[in-house]
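The structure appears below as structure tokens.
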Amino acid sequence: CFFLLLSLQKFGRKFKRYQSDRKIAVKESWRHPRGIDGRQRRKFRGIGPQPNIGYGSNKKTRHTLPNGFLKFVVSNLKDLELLLMHNRKYCAEIAHNVSTQKRKAIVERAAQLNIALTNGAARLRSNEEE
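Have a look at this one:
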């Protein structure tokens, strides 16, 4: 597992859309160039990289978070129980639409089951502090 963490190198920067730095209407999110005369589609030098299969990450470390776990989205306590035997491989992430009350119960149960949480501190501020 330690050697897998060492090889967790991913492609760092994002691919930018062609001419997104020149036109305000063209956002940075990647779109494939389709013009008949487009320089980026024709792969001229100095235009910038395009995503292709060569940028794929290692199969053994794909979907692995920087903490070494794979992510599993949890919405309730029953989902958390699924990770009981897999707490060395998967960590839990509480879904965005879970209420504060249920979040507290999930965080407590995760501590009992020794399951790592990626967003365990989110929305847990108590009312006494305010």
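Residue numbers (my numbering): 1 to 130. C-beta atoms are modelled at their ideal positions from N, C-alpha and C, and glycine is treated no differently.
Check, Outcome
"Asn67 vs Ala116 beta-carbon contact at 8 Å", "yes"
"Beta-carbon contacts of Leu70 that lie in its chain and below 8 Å, excluding the five residues immediately before and after", "His63, Thr64, Lys89, Tyr90 and Cys91"
"Val98 - DSSP class collapsed to helix/strand/coil", "coil"
"Lys78 - containing beta strand (DSSP E), residue span", "Segment Leu77 to Glu81 is the alpha helix (DSSP H) holding Lys78; no beta strand (DSSP E) there."
"Enclosing beta strand (DSSP E) for Lys71 [first to last residue]", "Leu70 to Val74"
"DSSP three-state assignment for Leu8, whether helix, strand or coil", "coil"
"Three-state secondary structure (DSSP) of Leu124", "coil"
"C-alpha gap between Gly35 and Ser99, whole angstroms", "48 Å"
"Sheet register partners of Leu117 (DSSP bridge)", "Ala92"
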